[in-house]
Amino acid sequence: MPGFELFGDQERAQIQDVMDSGVLMRYGFDSMRNGHWKAVELERALAKRMKVKHAQVVSSGTSALTVALVSAGIGAGDEVIMPTFTFVASFESILAIGAVPILVDIDDTLCLDPEAVDNAITTKTKVVMPVHMCGSMADLKALKSICDKHDLLLLEDACQAIGGTFEGKPLGSYGDLGCFSFDYVKTITCGEGGGIITDNENYKANADHYSDHGHDHLGKERGAETHPFLGYNYRVSELNAAVGLAQIARLDEFLAIQKKNYSILREALEAIEGVTFRRVPEGGVESYAFLNFFLPDTDTAKKAHSALGKAGVDACFYWYDNNWHYYRKWEHLIHKTSLGKLPQEVYDQLPDYSKSDFSKSDHWVGRNISCLIKLGWTEDEVLERAEKMVVVLNNLE
Numbered sequence: 002m003p004g005f006e007l008f009g010d011q012e013r014a015q016i017q018d019v020m021d022s023g024v025l026m027r028y029g030f031d032s033m034r035n036g037h038w039k040a041v042e043l044e045r046a047l048a049k050r051m052k053v054k055h056a057q058v059v060s061s062g063t064s065a066l067t068v069a070l071v072s073a074g075i076g077a078g079d080e081v082i083m084p085t086f087t088f089v090a091s092f093e094s095i096l097a098i099g100a101v102p103i104l105v106d107i108d109d110t111l112c113l114d115p116e117a118v119d120n121a122i123t124t125k126t127k128v129v130m131p132v133h134m135c136g137s138m139a140d141l142k143a144l145k146s147i148c149d150k151h152d153l154l155l156l157e158d159a160c161q162a163i164g165g166t167f168e169g170k171p172l173g174s175y176g177d178l179g180c181f182s183f184d185y186v187k188t189i190t191c192g193e194g195g196g197i198i199t200d201n202e203n204y205k206a207n208a209d210h211y212s213d214h215g216h217d218h219l220g221k222e223r224g225a226e227t228h229p230f231l232g233y234n235y236r237v238s239e240l241n242a243a244v245g246l247a248q249i250a251r252l253d254e255f256l257a258i259q260k261k262n263y264s265i266l267r268e269a270l271e272a273i274e275g276v277t278f279r280r281v282p283e284g285g286v287e288s289y290a291f292l293n294f295f296l297p298d299t300d301t302a303k304k305a306h307s308a309l310g311k312a313g314v315d316a317c318f319y320w321y322d323n324n325w326h327y328y329r330k331w332e333h334l335i336h337k338t339s340l341g342k343l344p345q346e347v348y349d350q351l352p353d354y355s356k357s358d359f360s361k362s363d364h365w366v367g368r369n370i371s372c373l374i375k376l377g378w379t380e381d382e383v384l385e386r387a388e389k390m391v392v393v394l395n396n397l398e
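Below, the structure is given as C-alpha cells:
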C-alpha cells in the first residue's frame, strides 16, 4: 500500500517549508512559522477529501482509534465488538482506555460478519468497530442497521482501505467516526501518523483536546489554555503532517495505479479453476490495495503461498499463520499478558479466547492469500507477475 514508493518534489517542498521555519510542533511559535500550519492544513485536506465536516490528525493509526473511542465517551468496562482478522492495534486501542475487545467472526468479505455482531451484543456493548482489511469493506449497511437498532456507535477502522467507497461515501465517513493510518506502509504516508474523521462537532472538539493533554486550544497563549478534561499526548509533528499533506493531494493518482495493477492480476487469476475472490458488498468499491483470493481449502492455500514465494512472487501474505493480523497468534491477548496489572473490568470481562470457536473465520482466512498491490511496478513487471502467478497456481502438487 505504500505511498513512499513515489516520494517526489511535492513531499520535498512541503518538508522544506517546515525546515525553513524551524518549527516542528503543530502548536504555538506563531511568529516563527512563516504562516505554515501543516497539521491544520492536512486536517482540512483530509476532511474535504473524505467529504466530512471534521478531521483530526494524530501520531498513528493506533492513536486515531484510541482518541476516536475516547472522544465518543467510551471507557472502562465498555465493550467494543471487533473482528478476528485485523491488526493488533484494534484491540490495543480498546484496552488502552480500559474498554473490552469482543472478538467475533468474519465472513467472505474478510471483515466483520453482521450476524456474528448481532449475536455478540450485550448490555455493555457500546461500539461496533468494523475493520476494512486489505483494501475493501465490511457489509456496512447491515452493520449500521444493527447499530441503529441497538443505539451503538459505528466506528470504521479504514486504516488499510483509504480511498475505497461504500454507496458513494468514502470509507471512514459512513459511520459515526472513521480512522486512518498514515504510517510508512499505507497508501498515503506521513512516515508516522493517523487521522480521525467525523461529522460530529463534539467528537471533533474532544479529539482535538484529548490528543494534546486536554488543552482547550482557546486563545493564542499556549500556557494559558485550560483543561476541560484529562488527556494524553497523541500529537503529530509538522514534519509528519507536511509529508501527509503532499501525499493526500496525490491519493487519486495512487488509487489509479493500484486499480490498474490490481485489474491486470485479477483478470489473469479469474481463469484459474478453484480460485475465487472475496466478496465486496453491493455498493462498495475497493481501494485496490490488495488482491485477495481464496483457494479451495487451507492445505491448498498453504501450498500456493509457499510455491509463490519460491517462484519469486513477493508480497503475498498468508494471514492464517501471521503473528500480527490474526487471532490465532495473539497469545498476549488470549493469556492477558501485560507488563502491569490490567484494569479489573478488562480482567473480569475479557472472554477466554483460548476456548473460543472462530471456525468460521478460519474457513475464510485459512483459504485466503492477499497480494499487495505496489505502486512502483512497471506494466511489464505486473504482466510478468501475473504470468508467474498463473503458472504457479495451475501447477500446485
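222 is the number that our numbering gives to position 221 of the sequence shown; each next residue is one higher, with no gaps.
The beta-carbon is built from N, C-alpha and C at its ideal position, and this holds for glycine as well.
All of these numbers come straight from a predicted model, not from anything done at the bench.
* Considering only C-alpha positions, which residue in the set Leu113, Arg50 and Leu343 is nearest to Phe86? -> Selected option, being the one with the closest Cα: Leu113.
* Count the other CB atoms within 10 Å of the CB of Met33; is the residue buried (16 or more) or exposed (fewer)? -> With fewer than 16 other Cβ atoms from the protein chains shown falling within 10 Å of its own Cβ, Met33 counts as exposed.
* Nearest to His214 by alpha carbon, out of Lys205, His228, Gly224 and Asn201? -> Checking every option, the nearest Cα to that of His214 belongs to His228.
* Asked: What are the partner residues of Asn293, as DSSP defines its beta bridges?
  -> Asn293 is bridged to Ser371.
* Asked: Once you ignore the five residues that flank Asp108 on each side, which residues in its own chain have a CB closer than 6 Å to its CB?
  -> So the list reads Asp114, once near-sequence residues are dropped.
* To do: Would you mind sorting Lys145 into buried or exposed? The rule is 16 or more other CB atoms within 10 Å of its CB.
  => The Cβ neighbour count for Lys145, taken over all protein chains shown within 10 Å, is at least 16; the residue is labelled buried.
* Please work out which residues of its chain come closer than 8 Å, Cβ to Cβ, to Ala302, disregarding the five sequence neighbours upstream and downstream, and give them in chain order. => The residues are Phe295, Leu296, Tyr319, Tyr321, Gly367, Arg368, Asn369 and Ile370.
* Asked: Which term fits Val186, buried or exposed, when burial requires 16 or more other beta carbons within 10 angstroms of its beta carbon?
  -> Val186 counts as exposed, since fewer than 16 other C-beta atoms from the protein chains shown sit within 10 angstroms of its C-beta.
* To do: Reducing DSSP to helix, strand and coil, say where Asn35 ends up.
  => Looking at Asn35 - three-state DSSP - the assignment turns out to be coil, as it is neither helix nor strand.
* Tell me which same chain residues have a C-beta within less than 6 Å of the C-beta of Asp177, skipping the five on either side of it? -> Exclusion of the five residues before and after Asp177 leaves Leu154 and Leu155 as the residues of its chain whose Cβ lies within less than 6 Å of its Cβ.
* Could you check what DSSP says for Met83 in three-state terms: helix, strand or coil? => When secondary structure is reduced to three states using DSSP, Met83 falls in the strand class.
* For Lys52, which option in Thr166, Gln15, Asp158 and Gln161 has the closest C-alpha, if you only look at C-alpha atoms? -> Taking Lys52 as reference, the option from Thr166, Gln15, Asp158 and Gln161 with the minimal CA-CA separation is Thr166.
* Can Met2 and Ala290 be called in contact, C-beta distance under 9 Å? -> Yes, the Cβ-Cβ distance between Met2 and Ala290 is below 9 Å.
* If Glu202 sits next to Cys180, beta carbons under 8 Å apart, how far is it from one beta carbon to the other, in whole angstroms? -> In fact, because the Cβ distance is near 18 Å, the residues do not count as touching under 8 Å.
* Asked: Between Arg329 and Asp353, what straight-line distance do the alpha-carbon atoms span, to the nearest angstrom?
  -> Approximately 13 Å, taken between the alpha carbons.
* **Delimiting residues of the beta strand (DSSP E) encompassing Asp158** => Counting along the chain, the beta strand (DSSP E) containing Asp158 begins and ends at Leu154 to Asp158.
* Excluding the five sequence neighbours on either side, which residues of its own chain have a C-beta within less than 7 Å of the C-beta of Ala159, listed in chain order? -> In the same chain as Ala159, and ignoring 5 residues on each side of it, the C-beta atoms closer than 7 Å to its own belong to His133, Leu172, Gly173, Gly179, Cys180 and Phe181, in chain order.
* In its own chain, which residues sit with a C-beta less than 6 Å from the C-beta of Val383, not counting the 5 before and 5 after it? -> Closer than 6 Å at Cβ, skipping near neighbours: Asn262 and Ile265.
* Asked: With a Cβ-Cβ cutoff of 9 Å, do Val128 and Val59 count as a contact?
  -> Judged by their CB atoms, Val128 and Val59 are not nearer to each other than the 9 Å cut-off.
* To do: For the beta strand (DSSP E) containing His55, list its first residue and its last residue.
  => Annotation: the continuous beta strand (DSSP E) that includes His55 extends over His55 to Val59.
* Asked: Got a sec? Which residues, its chain only, sit under 8 Å from Ala305 by beta carbon, not counting five neighbours each side?
  -> So the list reads Leu296, Ile370, Val393, Leu394 and Leu397, once near-sequence residues are dropped.
* Mind checking which residues open and close the alpha helix (DSSP H) that includes Gly62? => Per DSSP, Gly62 belongs to the alpha helix (DSSP H) from Gly62 to Ser72.
* **Closer than 9 Å to chain C by CB, Lys361** => This model lacks chain C altogether; it includes just one protein chain.
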